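Down below is the structure, laid out as structure tokens.
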Amino acid sequence: MDRRSFIRFLAALGAVSATGSIWPSSGHASEPDLEVELRAVPDDISLFAGPRTRVWRFKGEVTKGDPRQLQSADESWTGPIFRVRRGQRVRIRFKNLIPQESIIHWHGLHVSPGNDGHPKMAVPTSGEYVYDFKVLNRAGTYWYHPHPHRLTGPQVYGGMAGLFLISDQEERALGLPSGEYDLPVVFQDRTFGPDNQLVYVRSSRERMNGFLGNRIMTNGQAEGSFSVKGRPYRLRILNGSNSRMFRLGWSDGSPLRILATDGGLLNRPLNVPDIMLGPAERIELWADFGDMSAGSEVSLQSLPFNPGGGRMGMMAPQTALPHGASYELARFRVSTAGQGRTSPPERLASLSALDPASAANADSPRRFYLSMNHMQPTINGRTFGMSEVAPDEMVRFGETEIWEFINTGGMMALPHPMHIHGLSFQVLWRSGGPGYRFADQGWKDSVMVMPGERVALIMRFTDHKGMYLYHCHNLEHEDLGMMRNYLIRS
Ligand SMILES: [Cu+2]
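Under the working numbering, the letters of the sequence shown match residues 22 to 511, in that order.
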């Protein structure tokens, strides 16, 4: 199917207008609240002493609406941060100026298929794509990144990713730390050559495992260090790595106080000693430096864990930061002492758990086996076909379903961070794996499935009809075709 017939196909599903324009269909007589021009451009930035580093990055400007809704940083590759309110209508004119086709996916957002950045929609160099959608999601830390077939890994790696932060009334009423105390923290691992240039996958083995860099970059910069005041902060943490997991913990052993996961606030803060954060997952932390003296430091670390893929060192590519090793992620240095610690609100939100008994397939959950077949990661034995939807990949609009992702395990099995487009889900349970603690609470759009592990999710298909993707968010696996379409039909 070519692009035009794909648009006709989506139009038949009510996803885009039948005129062949990429405008979404639903009630858009009015003007958007926020209009942004977002360009993907080759650029160079100063990360280290010596030569500047060549990157691909997003640059943007507000062309209509409040300019404060888009925040850019210069010497960083991360894209401008969107700050939008639930209910706002957003129009984004994407201009692709990198020398590859591209398209943007709004990770976690409940947008129509025409706005979701399916690889079929990729536009060539100098091409343009206009997104226009109403923000339906609850407040939370979402993000955006490219999604062209076979090219997502290198484009995200080159620097193309940014945060998309949504607020709503329920969240604003809590009075959580805001402004400079609402701190985005994007972790990504990268490898640089002696010329300060990015080095990506160099072997098929490295591709099969997923790329692992030899240092952690924070917010697209080399220096993972923050100057903070002695008071509480809201840290919005995104694991924006291609394939690396983190097991987050504080260096002083104090518990993590988790306020939110992928799809926003939890009912109550969750106190845990550590948490695994896979690629594409987000958590928000209440980080209170109020009892620290001026000049003192505390860091967020990644603690040791077994990342699968056989015995460490055998299959894992050589890196100065072995997957599962212990290392520092970011350091927080207190500039001015505070007056003691304060607690986050005890009640954050009112989420209700979806009832497994309400699922249309409660007795026979949809099962997706994740396995490696000779260097090829697959879902139920299949790989990506641009417009392929198998009979067992069709669901009914309005229904609730249980899906199980089953990592078939084995000697060389790898973790698979699974992501479903077009909706948020809840994690019902996980079993059979190594038993690490994951950010499974609340509304999710990405979930880790470890070797030998089975993870059950519950979801409702209520926002849009049409064809969406589900795939592994190990971006090398995704580019190898560990991705499929599913269809929400009436
Ligand atoms: Cu995978």
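Don't be surprised by glycine CBs; every beta carbon is placed ideally from N, CA and C. As the structure is a computational prediction, the values presented were derived from the model and not from experiment.
| query | result |
| --- | --- |
| M503 CB to nearest heavy atom of ligand 1 below 7 Å | yes |
| Neighbourhood of G86 by C-beta, 7 Å cutoff - its chain only, sequence neighbours within 5 removed | D54, L55 and E56 |
| Where the beta strand (DSSP E) containing S188 begins and where it ends | G183 to S188 |
| Extent of the continuous beta strand (DSSP E) run through Y348 | Y348 to T357 |
| 8 Å Cβ cutoff met for A477 and P386 | yes |
| Contact the region 217-233 vs the region 69-77: 3+ CB pairs below 8 Å | yes |
| Nearest-angstrom Cα separation, counted from M433 out to F446 | 29 Å |
| Status (buried if at least 16 other CB within 10 Å, exposed otherwise) for E305 | buried |
| Own chain, CB closer than 6 Å to E318, minus 5 neighbours either side, in chain order | R352 and R354 |
| Through-space distance from V83 to A160, alpha-carbon basis | 21 Å |
| Near ligand 1: H168 beta-carbon under 7 Å from a heavy atom | no |
| Helix, strand or coil at M297 [DSSP, three-state] | strand |
| Proximity of Q322 and S272 at Cβ, strictly below 8 Å | yes |
| DSSP beta-bridge partners of F326 | Answer is none; F326 lacks a bridge partner. |
| Stretch pair the region 266-285 + the region 110-125: three plus CB contacts closer than 8 Å | no |
| Same chain, Cβ closer than 6 Å to L172, neighbours up to 5 away in sequence not counted | Q121 |
| Whether W164 touches I119 by CB criterion (8 Å) | no |
| Contacts around P472, its chain only, beta-carbon distance under 6 Å, and the 5 residues preceding and following it disregarded | G329, N428, G430 and A434 |
| Under the three-state DSSP convention, the category A308 falls into | strand |
| Where T99 falls, given that 16 or more other Cβ within 10 Å makes a residue buried | buried |
| Residue(s) in a DSSP beta bridge with Y254 | A308 |
| Where the alpha helix (DSSP H) through M229 begins and ends | S225 to N230 |
| Rounded C-alpha distance that separates T399 from R107 | 36 Å |
| Sequence-distant residues of its chain with Cβ nearer than 8 Å to E414 (five each side left out) | R505, N506, Y507 and L508 |
| Three-state secondary structure assigned by DSSP to N394 | strand |
| Check: H437 C-beta below 7 Å from any heavy atom of ligand 1 | yes |
| Under 8 Å between C-beta atoms of M503 and E422 | no |
| P175 - containing alpha helix (DSSP H), residue span | T173 to Y178 |
| Buried versus exposed, by CB contacts within 10 Å (16 or more), G274 | exposed |
| F154 vs G251 beta-carbon contact at 8 Å | no |
| D203: first and last residue of the uninterrupted beta strand (DSSP E) it sits in | D203 to F213 |
| Heavy atom of ligand 1 within 7 Å of H498 beta-carbon | yes |
| Chain B within 8 Å of G241, Cβ atoms only | Among the chains of the structure shown, chain B does not appear; only one protein chain is present. |
| Where L286 falls: helix, strand or coil (DSSP) | strand |
| Proximity test, P398 beta-carbon vs ligand 3 heavy atom, cut-off 7 Å | With respect to ligand 3, the structure offers nothing, as its ligand set consists of ligand 1. |
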